[in-house]
Structures are given as structure tokens and as C-alpha cells.
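Step one of this worksheet: look at the structure below.
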Amino acid sequence: SQTIHQWPATLVQPVGSPLSLECTVEGTSNPNLYWYRQAAGRGLQLLFYSVGIGQISSEVPQNLSASRPQDRQFILSSKKLLLSDSGFYLCAWTKTGQGRTEAFFGQGTRLTVV
Amino acid sequence: AQSVTQLGSHVSVSEGALVLLRCNYSSSVPPYLFWYVQYPNQGLQLLLKYTSAATLVKGINGFEAEFKKSETSFHLTKPSAHMSDAAEYFCAVSTPLHNTGKLIFGQGTTLQVKP
Numbered sequence: 001s002q003t004i005h006q007w008p009a010t011l012v013q014p015v016g017s018p019l020s021l022e023c024t025v026e027g028t029s030n031p032n033l034y035w036y037r038q039a040a041g042r043g044l045q046l047l048f049y050s051v052g053i054g055q056i057s058s059e060v061p062q063n064l065s066a067s068r069p070q071d072r073q074f075i076l077s078s079k080k081l082l083l084s085d086s087g088f089y090l091c092a093w094t095k096t097g098q099g100r101t102e103a104f105f106g107q108g109t110r111l112t113v114v
Numbered sequence: 001a002q003s004v005t006q007l008g009s010h011v012s013v014s015e016g017a018l019v020l021l022r023c024n025y026s027s028s029v030p031p032y033l034f035w036y037v038q039y040p041n042q043g044l045q046l047l048l049k050y051t052s053a054a055t056l057v058k059g060i061n062g063f064e065a066e067f068k069k070s071e072t073s074f075h076l077t078k079p080s081a082h083m084s085d086a087a088e089y090f091c092a093v094s095t096p097l098h099n100t101g102k103l104i105f106g107q108g109t110t111l112q113v114k115p
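Here the protein sequences line up with chains H and W, keeping their order.
Residue 54 in this note's numbering is what sits at position 54 of the first sequence, and the numbering runs on without skipping anything.
Residue 82 in this note's numbering is what sits at position 82 of the second sequence, and the numbering runs on without skipping anything.
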């Protein structure tokens, strides 16, 4: 069966520090991968998605970047965090080429920038 | 462009009462629609999905939703609320045109269940 791992679960970082959140998927190959951010009372906002290694699409301009160094690994990064980067970050995957399939989510990372 | 609107950011019901969470969508092509549930500090779990088959969709935990094209709605219902249903619920639409699987989410509805 497929599983998705996301870590760390919680993170407190000072303003201006770097960020690296990692997400890995097991039990499937060539998944579509996604990073969402959830701010309080604002639903989920799609930040990045990837349909293959090295292929990253950004949905909104921001202080963050994403990379996909391996087929089942998706990394969210920042060189210098801002207070506004605080939120709950969720990684998700779907099967390739099937818009009707549901997304499977990781347990999320609670990021607090102080 | 596709979008989702969830009417009511907070819904409160008594235990045993009907649960109705509203979702309206906008899409220029036949949509795929989903309902997810989120418990505090956890990821999202799929409740049910509509993918152009039966318009009445049954999901987990006794929830169901009906796709109504004429009303562009996909409301979530449960006949009798349980305390364990208290959570945040998200309606989402996918973009089948490009097969990227991207989900566009509504703002979410927090369901409170009173004893």
C-alpha cells in the first residue's frame, strides 16, 4: 500500500533562517506531488506541484521554492523565512495523469516563524 | 478557472441532528468533486468523491453528497451527527483538463457537534 511521510511535524524558526521540509511517498512510482499551505481560516492554498523529477510548477509568487530530486521525494525550501511564512504545510500525492483520483495527504508540518 | 465556495465557515448541530455542509463550485468543464475531513493538526482524509458516475455518492462514516449540475452544488450530508464528527471539512474540485490532479479547495467549514 502507498504511504506518505512528511517531517518534521512541528518547527519553530526565527525570521531570516532557512527552511527545508521533506516529503516522501512509498509504494507508488511517478506520482504527482503537491505542497499546500493552510493558514488559519483561509483554507488550503496550492503552492507547488510536480509531475516528474525536476519539474516544478509554482502556483503563487512567494518566498518559498520546491524541488524534486528523486521520483518520490518533494522538498519545500526557503533561504530566509518571513513571519508570513507561518502556517500548516501539507504534502500530497496523486496518481499520474488521472485528474479524477483523490489526493493523499501527509500529516502536515506546523511551521511557526518567530 | 475553477473555484469552490463553502457557505458557512462554522456550522453547529446537536448530536443526532442532521448535518448539512454546503459546497458550490464553478467549472467550465465537468468537474471532479471531493469532500475531505481534517482533525486538529492532522492531514486531510478523503470522505467521498464524485467522478461523473452516480450523482449520489456515499462515503465513509455515514456521509454522503449529491452532485447537482443544475445548482452547481455538491452538499455534504449525514442523517445523524456524532460527537466524533466534529472537525473541519473541505470541499475541493480537480482540474481534469490537464490531468495534473491539482485540487482547488474551498475555505473550509468547521463542524461543531453539541451534546
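Virtual Cβ for every residue (Gly too), placed ideally from N, Cα, C.
For clarity, every value in this text was computed on a predicted model and none was experimentally measured.
Burial state of W:Tyr-32 is buried, judged by a 10 Å Cβ sphere holding 16 or more other Cβ atoms. Under the Cβ distance rule, W:Ile-60 does not count among the residues neighbouring chain H, no pair being separated by less than 9 Å.
In the structure shown, W:Ser-84 falls within a helical segment according to DSSP collapsed to helix, strand and coil.
Selection W:Gly-101, W:Tyr-50 and W:Lys-114 evaluated against W:Ala-87 yields W:Lys-114 as nearest (Cα-Cα). DSSP places H:Ser-84 in the helix class (H, G or I) of the three-state scheme.
Listed in chain order, the non-local C-beta contacts of W:Gln-112 below 8 Å within the same chain comprise His-10, Val-11, Ser-12, Val-13 and Ala-86, local neighbours out to five positions each way being set aside. By the Cβ-count criterion, H:Asn-32 is buried, with 16 or more other Cβ atoms from all chains shown falling within 10 Å of its own Cβ. For W:Val-57, the uninterrupted beta strand (DSSP E) segment begins and ends at 56-58. The Cβ atoms of H:Thr-109 and H:Gln-73 do not sit closer than 9 Å to each other. The Cβ of W:Phe-90 sits closer than 9 Å to at least one Cβ of chain H.
Within chain H, the residues placing a beta-carbon under 9 Å from that of W:Leu-103 are Tyr-34, Tyr-36, Leu-44, Leu-46, Ala-92, Thr-94, Glu-102 and Ala-103, ordered along the chain. According to the DSSP assignment, W:Glu-15 belongs to no beta strand (DSSP E), since it is labelled neither H nor E. For the set W:Thr-72, W:Tyr-89 and W:Met-83, the Cα lying nearest the Cα of W:Gly-16 is the one of W:Met-83. Per DSSP, the beta bridge partners of H:Glu-26 are H:Thr-3. Shown here, H:Gly-52 sits in a strand according to DSSP, grouped into three states. For W:Tyr-36, the closest Cβ of chain H is nearer than 9 Å. Each of W:Thr-55, W:Phe-105 and W:Phe-63 was checked against the Cα of W:Glu-71, and the nearest Cα belongs to W:Thr-55.
If the five residues before and after H:Ile-75 are omitted, its C-beta is found closer than 8 Å to the C-beta atoms of Ser-20, Leu-21, Glu-22, Cys-23, Ala-66, Ser-67, Arg-68 and Pro-69, all from its own chain and listed in chain order. With a 10 Å radius around the Cβ and a threshold of 16 neighbouring Cβ atoms, H:Gly-87 comes out buried.
The Cβ atoms of H:Ala-103 and H:Thr-112 lie no closer than 9 Å to each other. W:Gln-107 sits away from H:Gly-54, with the two beta carbons spaced by 9 Å or more. Assignment of W:Asn-24 by DSSP, reduced to helix, strand and coil, places it in the strand class. Around the beta-carbon of H:Ser-50, 16 or more other beta-carbon atoms lie within 10 Å, marking it buried.
Under the 10 Å beta carbon count, H:Gly-52 is surrounded by fewer than 16 other beta carbons and is classified as exposed.
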